[in-house]
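K.L.:
Numbering (this note's numbering), first residue to last: 1 to 214.
Glycine residues also receive a C-beta, built at the ideal position from the N, C-alpha and C atoms.
My structure is below; once you've seen it, I'll send some questions.
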Amino acid sequence: MVRMTDDQPGRTQLDMRASDADRDRTAAVLASALAAGRLTHAEHADRLDAAYAAKTLGDLVPLTRDLPAEDQDGVSVAAGTDRTRVAARFSKVIRSGRWVAGRRTRLTAHFGALIVNLNEAVLPGREVTLEIDAFCGKLVVIVPEDAQIIDEGGALFAKRAVYGRKSKAGPEGPMIRLVGEARFSKVTVHRGNYNPFAKWMEWAHQLQAGVDQR
Numbered sequence: 001m002v003r004m005t006d007d008q009p010g011r012t013q014l015d016m017r018a019s020d021a022d023r024d025r026t027a028a029v030l031a032s033a034l035a036a037g038r039l040t041h042a043e044h045a046d047r048l049d050a051a052y053a054a055k056t057l058g059d060l061v062p063l064t065r066d067l068p069a070e071d072q073d074g075v076s077v078a079a080g081t082d083r084t085r086v087a088a089r090f091s092k093v094i095r096s097g098r099w100v101a102g103r104r105t106r107l108t109a110h111f112g113a114l115i116v117n118l119n120e121a122v123l124p125g126r127e128v129t130l131e132i133d134a135f136c137g138k139l140v141v142i143v144p145e146d147a148q149i150i151d152e153g154g155a156l157f158a159k160r161a162v163y164g165r166k167s168k169a170g171p172e173g174p175m176i177r178l179v180g181e182a183r184f185s186k187v188t189v190h191r192g193n194y195n196p197f198a199k200w201m202e203w204a205h206q207l208q209a210g211v212d213q214r
């Protein structure tokens, strides 16, 4: 039952304007449903767009109406979509496939290699901030082809580069903002289906071909 508001008779609670926290809470529920396989990537993208375009609480209700209550109970915006950390210290770490990124995701590479693929990741909203902390390491970030990339970070005796066709970035794609520092490190961002092992595989294939010819 929808109740009337006390201060504005005739208007319901669903007519109230939605806040950023309301939109984030709905985004968290949608991310949980995608991770559980209840929504396809296309459905999630459509609903997420609608969630962040919502003006009132009533605009948000239909987006989660067909999802089980357990997907909505206990969803924490702060825990589920605010912050995520991925680190590689004296090791090599690969994060790819379906995983839940945070609104602010900290990427740490200290004397190690970190490869992070956002192509199939569950993004909590249109904009994701990647906090770079690279020291004597290598960090490779792979983003969707239509992503808008803003690099606001710094470098000290390091390389920072963004690859891929900027022309394919569009207003419907996610905005990936990079902040933080790279020191004595290499940080690269690639759009689309980039394979960080392609050159190594080509070299290994050539080496094997040379052995076979002997």
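Which whole-angstrom value describes the C-beta separation of A101 and V128, a residue pair presumed to lie in contact below a C-beta threshold of 8 Å?
P.N.:
The residue given as residue 101 occupies position 101 in the sequence shown. The residue given as residue 128 occupies position 128 in the sequence shown. Going by Cβ atoms, the distance from A101 to V128 rounds to 6 Å, so yes, they are a contact pair.
K.L.:
On a CA-only basis, which of P144, A87, S91 is nearest Q194? Give me that one, please.
P.N.:
Residue mapping note: residue 194 aligns to position 194 of the sequence shown, counting from 1. Per the sequence presented here, residue 194 reads as Tyr, with Gln not at that position. The shortest Cα separation from Y194 among P144, A87, S91 belongs to P144.
K.L.:
Between E131 and R89, how many whole angstroms is the CB-CB distance? I'm expecting something under 8 Å.
P.N.:
As a working note, residue 131 is residue 131 in the sequence shown. As a working note, residue 89 is residue 89 in the sequence shown. E131 to R89, Cβ: 16 Å. No contact.
K.L.:
Hey, A31 and P124 are a contact pair by Cβ (cut 8 Å); roughly how many whole angstroms apart?
P.N.:
Along the sequence shown, read from residue 1 onward, the residue named residue 31 stands at position 31. Along the sequence shown, read from residue 1 onward, the residue named residue 124 stands at position 124. Their Cβ separation, rounded to whole angstroms, is 6 Å, which keeps A31 and P124 in contact under 8 Å.
K.L.:
According to DSSP, is T64 part of a helix, a strand, or is it coil?
P.N.:
Counting from 1 along the sequence shown, the entry for residue 64 is found at position 64. In this structure, T64 counts as helix in the three-state DSSP scheme.
K.L.:
Between which two residues does the beta strand (DSSP E) carrying D24 extend?
P.N.:
For the purposes of this step, residue 24 is taken as the residue at position 24 of the sequence shown. Looking at the DSSP string, D24 is not in any beta strand (DSSP E); the run it does join, the alpha helix (DSSP H), is 20-35.
K.L.:
So E131 is in the beta strand (DSSP E); what residue range does that whole segment cover?
P.N.:
Position 131 of the sequence shown, counted from the start, is the residue given in the question as residue 131. First-last of the beta strand (DSSP E) with E131: 127-135.
K.L.:
With H, G and I counted as helix, E and B as strand and the rest as coil, what does DSSP make of L139?
P.N.:
Counting from one through the sequence shown, the residue named residue 139 turns up at place 139. In this structure, L139 counts as strand in the three-state DSSP scheme.
K.L.:
Among all the DSSP beta bridges, which residues are the ones paired with R38?
P.N.:
Taking the first residue of the sequence shown as 1, we reach residue 38 at position 38. Paired residues: none, contrary to the question.
K.L.:
I'd like the span of the beta strand (DSSP E) that includes Y194, first residue to last.
P.N.:
Against the sequence shown, residue 194 aligns to sequence position 194. Counting along the chain, Y194 falls outside any beta strand (DSSP E), and DSSP gives it neither H nor E.
K.L.:
How far does the beta strand (DSSP E) with M175 in it reach, from first residue to last?
P.N.:
Along the sequence shown, one-based indexing puts residue 175 at 175. Here the beta strand (DSSP E) through M175 covers 175-183.
K.L.:
Roughly how many angstroms lie between the CA atoms of Q13 and P62, to the nearest whole one?
P.N.:
Position 13 of the sequence shown, counted from the start, is the residue given in the question as residue 13. Position 62 of the sequence shown, counted from the start, is the residue given in the question as residue 62. The alpha-carbon atoms of Q13 and P62 are separated by roughly 15 Å.
K.L.:
Just grab the DSSP bridge partners of H110 for me.
P.N.:
For the purposes of this step, residue 110 is identified with residue 110 of the sequence shown, where counting begins at 1. R89, F135.
K.L.:
Where do the N-terminal and C-terminal ends of the beta strand (DSSP E) with R160 fall, by residue?
P.N.:
As a first step, residue 160 is located in the sequence shown; it is residue number 160 there, counting from the start. Where R160 is concerned, the enclosing beta strand (DSSP E) stretches over 159-163.
K.L.:
So what does DSSP say about D59, is it helix, strand or coil?
P.N.:
Taking the sequence shown and counting its residues from 1, the one referred to as residue 59 is at position 59. Looking at D59 - three-state DSSP - the assignment turns out to be helix.
K.L.:
What is the DSSP secondary structure of A69, reduced to helix, strand or coil?
P.N.:
Numbered from 1 along the sequence shown, position 69 holds the residue referred to as residue 69. Here A69 sits in helix by DSSP.
K.L.:
Going by beta carbon distance, what residues of the same chain come within less than 8 Å of Y163, once the five residues before and after it are set aside?
P.N.:
Here residue 163 is taken as the residue at index 163 of the sequence shown, counted from 1. The answer, listed in chain order, is T188, V189, H190, R191, Y194.
K.L.:
Tell me which same chain residues have a C-beta within less than 7 Å of the C-beta of T56, skipping the five on either side of it?
P.N.:
Sequence index remark: in the sequence shown, residue 56 carries index 56 (1-based). So the qualifying residues of the chain are L14, D15, M16, R17, A18.
K.L.:
Taking the straight line between their C-alpha atoms, what separation do you get for R38 and P68?
P.N.:
Numbered from its first residue, the sequence shown carries residue 38 at position 38. Numbered from its first residue, the sequence shown carries residue 68 at position 68. Approximately 9 Å between the Cα atoms of the pair.
K.L.:
Got a sec, what are the start and stop residues for the beta strand (DSSP E) Q148 sits in?
P.N.:
Residue numbering aside, residue 148 sits at position 148 when the sequence shown is read from its first letter. From DSSP, the beta strand (DSSP E) with Q148 extends over 148-151.
K.L.:
Within its chain, find whatever has a CB closer than 7 Å to the CB of D82; leave out the 5 residues flanking it on each side and keep chain order.
P.N.:
In the sequence shown, the residue the question calls residue 82 occupies position 82. The answer, listed in chain order, is G102, R103, R104.
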